[in-house]
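Reading through the structure tokens given below for one structure.
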Amino acid sequence: MGNPLLTFWKNLFDPDDEDRRARRATLRVAAASSAQAEATIFLVLRRMRAPLIVLIVIFAVSVLGLTVIPGQDVDGRPTRMGFFDAFYFMSYTASTIGFGELPDPFTYNQRMWVTISIYLTVIGWAYAVGSLLALLQDRAFRSALSLQHFSRKVSRLREPFVLVAGYGRTGELLGHSLDRLGRRIVVLDHDGERIDGLELDSYHADVPGLTADARDPGHLAVAGLDHPSCEAVVALTDDEEANLTIVMAAALLRPELPVIARVTSRALAERMDAFGSPSLVNPFDRFGDHLRLALRAPSSYQLLTWLESGPGGELPARGSPPRDGRWVICGYGRLGRELSADLRAEGLEVSIVDPAPEDDGTPGLRVGDGTDPWVLAQEDLDRAVGLVAGTDNDTTNLSLVAAARRSRPSLFLVARQNRPASAPLFAAMDIDALLVPSELIAHEVYAQLSTPLLWRFVREMPERGDAWAAGVVDRLTAVCGTRLQAMWKVRLTRREAPALEQRLAGGSLRLGDLLRNPENRDEPLSAVTLVVLRDGESTLAPDDDFVLRAGDELLLAGRPSARRALGTALFVESVLEYVVSGRRVPSSWIWRKLTSEPAPPG
Amino acid sequence: MNLEKVVFGFFVVLAATLNFGFFIGDISDPTLHNPYELFAAVVVNLIATVLKFGDRTQIGAVHLATSLVAVLQLVTASLAYGYAEYVSSAGMDAGWTASVVSLSAGALLANVVSVVLLVVETVSFHRG
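So the protein lines, in turn, are chains A and B. The opening position of the first sequence corresponds to residue 33 in the numbering used here, with each subsequent residue numbered one higher. The opening position of the second sequence corresponds to residue 159 in the numbering used here, with each subsequent residue numbered one higher.
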């Protein structure tokens, strides 16, 4: 701001608070990044200088020569070409159109000069056009163009969007589940191939993507970190350090935004925690928790994985892992450590095999290669109940699983799949519990982002016990079959449920009365209420006698038709009256007056 | 000494001098205004404009703007000259000559601004 008066004015009426400062900082970094794009265009202009000057000079010399060299007209009188004739002739000759010798046939003197200038101009054109095409192919120029295109697209977004930094396999899975919910995403990845792949992906909405290093706050700002509609930042790169930088940038520039980051090491998780309170997803930690849950309550685990798989998810099979006995863990890396701690906490006996463990002080640790038959034989697989193939090498994991199955077919097998390409092999192996870190992270992040209610349900559900979860699974399968259908949220406020207002005030509206088919109220709606949130207290899977109150938030799962039917009942009073009490009430004012039925009890 | 600066200064000053040479003389007398000089002025002004491409400084931007103005004026002047010579039945009479020369006078003003900018830039350059 150059004008001191303007500065004074701004200081007087615009008190600096924390938020504004942060906002200005983001604007600055965004500006820095777009200035970078502008710089590239200036560079292009600079590089076009030489070809343009060569072209101008060649043209000028040829035109000048034509005007100076004497010619003759049809009658043989000496004449000279004017500037306009010369320029006209050179324009069509240089661009190889060639209308012939105008206005008069040339003399030999003129033709000699024209021969020279034809060769000169062809060289000039070829040089200029060649340089221009080379510039258009230039990587820096193209990336500058795509940056501008991208920032224009992002700044035009008017609906809430999620900024996904790191578009690997995890980002893709998450993007598709969010897209199916009708949410917008903006994607940032340093791998150009992944971003180019966006165009081929079948997204419903347009997904702006930029090939850029997400560690640069300028790129984050261009991708919408400073955009008012940005609702969350997700750091999913495979580089822990980069994720930390993204968490930092988001926490410092937009402290109010929720941040979700992928992390696998505890040290980095603690460093991230220092910046606001990002929600961290550690795939190995979560898998350990899931395995514990699966050991203790198979139905709860089944329900959890089903709900987290998003709309269209298939009901996973209910496993029956051994409750007691000895487990063998092959591979004592990050996953091995988490799992051995979790299994020991469950009171199970654990022995570990690793070719080169970092610390030897762990009880039950055997140094050796798990794929070596002799080493496995020493582990007494006959007496073990479960085996974890948890190395970071898919081939090793597959051969471990095969070897273990041959020596004891009834063994409960847990394996870790590292590369997406190995998926068919692991599927053919029919493994009891398979960890795919990218999918696990995508499901966790989806559960957190889709609706806060689902996240609440997922966190509080394990406490309710296995039998309860089995009941919920039965209710859900009765309603939507083995494929998860729509999941939606209803808020019983005046805006979202105007028809319900009077009944809610009466305090006698039961959930079971509301969830009925508006065509035939004897049929219940094919929807299950997963959770009701009231004043920060949640009730999981309430039954039909649950009494609703104004301000309740409901999370329902069921068929899309049920969603439409419930929506009608919430808005149209006559439909609601029939659904709740069975009375057919005329919906028009005149008929209501004519029938003059007593007002419905409030 | 910087060769780039020499070339740049040469073309900026040459554009102004050629323009001045065409402009000087009785405004309505066609014999005092040589069309070759106008042609040279157009070409040199075009080259000077291209030389100013891609300078990101504030003064570079003003340089480019003045050059664009000069080129615009000179091209208009040559169009007027061509019209008078080939299309108009009156030919290069006093009125047309006055139009062409006054258009080139406008270009001269822009070129003078360019030269002033060049001088200002040179004077404000501190060594070390």
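Think of the CB as a built atom: it goes at the ideal place given N, C-alpha and C, for glycine as much as any other residue.
Sub-8 Å separation of residue i and residue j beta-carbons
{"i": "B/F211", "j": "A/R215", "result": "no"}
{"i": "A/E476", "j": "A/L205", "result": "no"}
{"i": "A/N549", "j": "A/A597", "result": "yes"}
{"i": "B/L276", "j": "B/V202", "result": "no"}
{"i": "A/L220", "j": "A/A244", "result": "yes"}
{"i": "A/R479", "j": "A/W487", "result": "Residue identity check: residue 479 of chain A is Ala in the sequence provided, not Arg. Going by C-beta atoms, A/A479 is nearer than 8 Å to A/W487."}
{"i": "A/I361", "j": "A/G422", "result": "yes"}
{"i": "B/A235", "j": "B/V258", "result": "yes"}
{"i": "A/A197", "j": "A/A267", "result": "yes"}
{"i": "A/A255", "j": "A/L242", "result": "yes"}
{"i": "A/L543", "j": "A/R535", "result": "no"}
{"i": "A/R350", "j": "A/Q334", "result": "yes"}
{"i": "A/F131", "j": "A/V95", "result": "no"}
{"i": "A/L13", "j": "A/G503", "result": "In the structure displayed, chain A extends from 33 to 634; residue 13 of chain A sits before or after that span and is not available."}
Extent of the continuous beta strand (DSSP E) to which residue i belongs
{"i": "A/R448", "result": "444–448"}
{"i": "A/E263", "result": "262–267"}
{"i": "A/Y243", "result": "It is Thr, not Tyr, that sits at residue 243 of chain A in the sequence shown. It spans 241–243 - the beta strand (DSSP E) in which A/T243 sits, taken as one unbroken run."}
{"i": "A/T571", "result": "569–572"}
{"i": "B/S246", "result": "Taken as a continuous stretch (DSSP letters only), B/S246 belongs to no beta strand (DSSP E), as it is neither H nor E."}
{"i": "A/D221", "result": "216–221"}
{"i": "A/R398", "result": "397–399"}
{"i": "A/A421", "result": "416–421"}
Opening and closing residue of the alpha helix (DSSP H) in which residue i lies
{"i": "A/S431", "result": "426–439"}
{"i": "A/D374", "result": "366–377"}
{"i": "A/V95", "result": "81–100"}
With 16 other Cβ atoms within 10 Å as the buried cut-off, status of residue i
{"i": "A/P574", "result": "buried"}
{"i": "A/N141", "result": "exposed"}
{"i": "B/H191", "result": "buried"}
{"i": "B/T280", "result": "exposed"}
{"i": "A/V468", "result": "buried"}
{"i": "A/G363", "result": "buried"}
{"i": "A/A293", "result": "buried"}
{"i": "B/Q216", "result": "exposed"}
{"i": "A/P315", "result": "buried"}
{"i": "A/Y199", "result": "buried"}
{"i": "A/M11", "result": "Since the displayed chain A opens at 33 and closes at 634, residue 11 of chain A lies outside it and no answer follows."}
{"i": "A/G34", "result": "At A/G34, the pLDDT of 44 sits below 50, so the modelled position is not reliable; the number obtained from the coordinates is stated separately. That one is exposed."}
{"i": "A/V560", "result": "buried"}
{"i": "A/T627", "result": "exposed"}
{"i": "B/Y244", "result": "exposed"}
{"i": "A/V490", "result": "buried"}
Separation of residue j from residue i, as counted between CA atoms
{"i": "A/F74", "j": "A/L167", "result": "12 Å"}
{"i": "A/D317", "j": "A/G162", "result": "57 Å"}
{"i": "B/G249", "j": "B/Y241", "result": "9 Å"}
{"i": "A/L152", "j": "A/H181", "result": "39 Å"}
{"i": "A/D584", "j": "A/V417", "result": "47 Å"}
{"i": "A/A518", "j": "A/T600", "result": "17 Å"}
{"i": "B/A252", "j": "A/F115", "result": "20 Å"}
{"i": "B/N199", "j": "A/L87", "result": "Correcting the residue identity first, residue 199 of chain B is Ala in this sequence and not Asn. So the alpha carbons of these two residues sit roughly 16 Å apart."}
{"i": "A/L195", "j": "A/R451", "result": "25 Å"}
{"i": "A/R624", "j": "A/A253", "result": "58 Å"}
{"i": "A/I227", "j": "A/A71", "result": "23 Å"}
{"i": "A/A436", "j": "A/D401", "result": "14 Å"}
{"i": "A/V446", "j": "A/L327", "result": "12 Å"}
{"i": "B/L226", "j": "A/D258", "result": "38 Å"}
{"i": "A/L189", "j": "A/V265", "result": "16 Å"}
{"i": "A/L230", "j": "A/G344", "result": "22 Å"}
{"i": "B/K163", "j": "A/F138", "result": "42 Å"}
{"i": "A/L457", "j": "A/T427", "result": "10 Å"}
{"i": "B/A219", "j": "B/V229", "result": "15 Å"}
{"i": "A/P290", "j": "A/E302", "result": "17 Å"}
{"i": "B/G167", "j": "B/L222", "result": "14 Å"}
{"i": "A/D424", "j": "A/L547", "result": "49 Å"}
Cut-off 7 Å between Cβ atoms - residues of its own chain near residue i, not counting five sequence neighbours on either side
{"i": "B/F178", "result": "L266"}
{"i": "B/V270", "result": "A174"}
{"i": "B/S186", "result": "A252, T255, A256"}
{"i": "A/I32", "result": "With chain A represented from 33 up to 634, any question about residue 32 of chain A goes unanswered, as that position is not in the structure."}
{"i": "A/S482", "result": "L213"}
Nonlocal neighbours in the same chain, by C-beta distance under 6 Å from residue i, ignoring five residues either side
{"i": "A/A329", "result": "D498"}
{"i": "A/G368", "result": "I361, G422"}
Same chain, Cβ closer than 8 Å to residue i, neighbours up to 5 away in sequence not counted
{"i": "A/V604", "result": "A531, S619"}
{"i": "A/G31", "result": "An answer regarding residue 31 of chain A cannot be provided, because it is not within the stretch 33 to 634 covered by chain A."}
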